[in-house]
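Participant: Under the working numbering, the first residue of the sequence shown carries the number 50, and numbering increases by one thereafter.
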Amino acid sequence: MGQGNSFGGCLASPLLCLSYPLYSTQPFEEIFMGSRNFDLGARDMKAAGRIALERGMCSFASIDTMADRWNRFVDFARDHYEIGRMERISLDVVVAYGAWLADQVDEELLAESTAQNYVSAVNRVLEIARGDKSLHVSPTRDCGIPKRVGVAIDNLAVSAEEHETWLGIIDPRIALLLELQRAFGLRFEESAKLDARAAWQQAHTGWLNVTDGTKGGRKRRVPIVRDEQLAALEHAVEAQGDDRSLIFGTMPYDDFRQECYRQSVRHGIRFHRERHAYAQQRYRDLVGVDCPVASGIDHGRAHHTWLSKQLGISLDAAKELDDTARDQIALELGHNRREVSNAYLG
50 MGQGNSFGGC LASPLLCLSY PLYSTQPFEE IFMGSRNFDL GARDMKAAGR
100 IALERGMCSF ASIDTMADRW NRFVDFARDH YEIGRMERIS LDVVVAYGAW
150 LADQVDEELL AESTAQNYVS AVNRVLEIAR GDKSLHVSPT RDCGIPKRVG
200 VAIDNLAVSA EEHETWLGII DPRIALLLEL QRAFGLRFEE SAKLDARAAW
250 QQAHTGWLNV TDGTKGGRKR RVPIVRDEQL AALEHAVEAQ GDDRSLIFGT
300 MPYDDFRQEC YRQSVRHGIR FHRERHAYAQ QRYRDLVGVD CPVASGIDHG
350 RAHHTWLSKQ LGISLDAAKE LDDTARDQIA LELGHNRREV SNAYLG
């Protein structure tokens, strides 16, 4: 696992890690001497963003909508990175915002289209304010927000090779979160708040009980069927020590999450992609072949036909097998609807 990252020197006082700046080491002030918010005429980023939109757009209704969406980003930048002027916004910060929105989509707190619109508003304001597209990001490709409701088109699962690379470049404790997310399909908060010691003691039952950090407080059980799952738990137990979870004992969860996301963005790591890897592995476990997004076969009848040929079963049996696997995977991911699995499996 990775060495020398910011948590490594903060075991005694992890809050000291939070002073890391995420933005570029070359300050914009060197380029825009005396400028604040690119001389848009307002010291406040929200007001400056609205001025930029009024200069670059015609429809007042659209300006109001875009300004509201921009304001959400301003709050994020201030709360997470203490950024109070546009010159300090970097590409990493915009991608981090998009990844944060992607996690909310994954947890069904936002619709895909809403998250995409939020990112698009940031793109538009910064393009007008800066006069270029150097901070333009793709909501889907760069941030991991699904293209549309329902069926996944792009495969967001982390490959085994990329996963190993991530483990080698990130802080060891964050690497453990990635291992747990991949092994059990956990959301970020669930992996951070998991009591690995208690989970290890219960592992002989063949189940992992997910109780803390779940959406809506809904508890669930995830089956333990592979050696990799036990290995991930064992590693987490060793790292947890006397703490209640992988969050340092004295560190607030919000601070822990903020630092984890700061580091992950610097290394191009997206936590939610590990859940995609889990879902696709479970589909292979349950069905015996790849899901649509991993196999490159279209969702629906085309994939059912392919399944029937690969497994030597009837088309009806293939459809029933696919439906049953999706129901099971949706439950293991903490969802109650089969349709949700489409976003992971295609």
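For glycine and all other residues, C-beta sits at the position ideal for the given N, C-alpha and C.
This structure is a prediction, so every number in the text was calculated from the model and none was measured.
Short of 6 Å in beta carbon distance, which residues of its chain neighbour R322, apart from the five on each side in sequence? Order them along the chain.
Facilitator: Stepping through the sequence shown from its first residue, residue 322 is reached at position 273. L205 and V207, listed in sequence order.
Participant: Can E239 and D261 be called in contact, C-beta distance under 8 Å?
Facilitator: The residue you call residue 239 lines up with position 190 of the sequence shown. The residue you call residue 261 lines up with position 212 of the sequence shown. Yes, these two residues count as a Cβ contact at 8 Å.
Participant: According to DSSP, which residues form a beta bridge with P272?
Facilitator: Counting from one through the sequence shown, the residue named residue 272 turns up at place 223. Answer is W256, bridged to P272.
Participant: Give the straight-line distance between the Cα atoms of D276 and W256, rounded to the nearest whole angstrom.
Facilitator: Counting from one through the sequence shown, the residue named residue 276 turns up at place 227. Counting from one through the sequence shown, the residue named residue 256 turns up at place 207. Roughly 13 Å separates the two Cα atoms.
Participant: Taking the alpha carbon of S344 as the point to measure from, which residue in R350, W355, L335 and D334 has its own alpha carbon closest?
Facilitator: As a first step, residue 344 is located in the sequence shown; it is residue number 295 there, counting from the start. Residue W355 is the option with its Cα nearest to S344.
Participant: Cβ of A241 within 8 Å of Cβ of I296?
Facilitator: Translated into positions along the sequence shown, residue 241 becomes position 192. Translated into positions along the sequence shown, residue 296 becomes position 247. Closer than 8 Å, so yes.
Participant: Secondary structure at P195, three-state DSSP: helix, strand or coil?
Facilitator: In the sequence shown, counting from the first residue as 1, residue 195 sits at position 146. Here P195 sits in coil by DSSP.
Participant: Kindly indicate which three-state DSSP category A206 falls into: helix, strand or coil?
Facilitator: Residue mapping note: residue 206 aligns to position 157 of the sequence shown, counting from 1. Coil, per DSSP.
Participant: What residues in its chain sit with their C-beta under 6 Å from that of Y393, if we drop five residues either side in the sequence?
Facilitator: In the sequence shown, counting from the first residue as 1, residue 393 sits at position 344. For Y393, where only same-chain residues beyond five positions count, the Cβ hits under 6 Å are H325 and A328.
Participant: Contact between the segment 168 to 184 and the segment 296 to 312 is defined here as three or more beta-carbon pairs at a separation below 8 Å; is this criterion met?
Facilitator: Result no; under three Cβ-Cβ pairs closer than 8 Å.
Participant: Taking the alpha helix (DSSP H) that P341 belongs to, which residues open and close that run?
Facilitator: Position 292 of the sequence shown, counted from the start, is the residue given in the question as residue 341. Element bounds for P341: P341 to S344.
Participant: Can you have a look at V253 and say buried or exposed, based on whether 16 or more other CB atoms are within 10 angstroms of its CB?
Facilitator: One-based indexing of the sequence shown puts residue 253 at position 204. Sequence inspection shows His at residue 253; the Val mentioned does not correspond to that position. Looking at its Cβ environment, which holds fewer than 16 other Cβ atoms inside 10 Å, H253 is exposed.
Participant: Please classify D371 as buried or exposed, where buried requires at least 16 neighbouring CB atoms within 10 angstroms.
Facilitator: Here residue 371 is taken as the residue at index 322 of the sequence shown, counted from 1. Buried is the call here.
Participant: Whether or not the segment 154 to 171 and the segment 273 to 293 are in contact is what I'm after, with contact meaning three or more pairs of Cβ atoms, one per stretch, closer than 8 Å; do they touch?
Facilitator: In short, these stretches do not touch, since the Cβ pair count stays below three.
Participant: Taking 8 Å as the cut-off, decide whether the C-beta atoms of L140 and L89 are in contact.
Facilitator: The residue you call residue 140 lines up with position 91 of the sequence shown. The residue you call residue 89 lines up with position 40 of the sequence shown. Taking 8 Å as the Cβ cut-off, L140 and L89 do not qualify as a contacting pair.
Participant: With H, G and I counted as helix, E and B as strand and the rest as coil, what does DSSP make of L360?
Facilitator: Counting from 1 along the sequence shown, the entry for residue 360 is found at position 311. Here L360 sits in helix by DSSP.
Participant: Rank R333, I100, D124 and F125 by C-alpha distance to the C-alpha of D113 and give the top, closest one.
Facilitator: Position 64 of the sequence shown, counted from the first residue, corresponds to residue 113. Minimum Cα distance to D113 is reached at I100.
Participant: Less than 8 Å separating the beta-carbons of H284 and I218?
Facilitator: Indexing the sequence shown from 1 puts residue 284 at position 235. Indexing the sequence shown from 1 puts residue 218 at position 169. Cβ atoms of H284 and I218: not closer than 8 Å.
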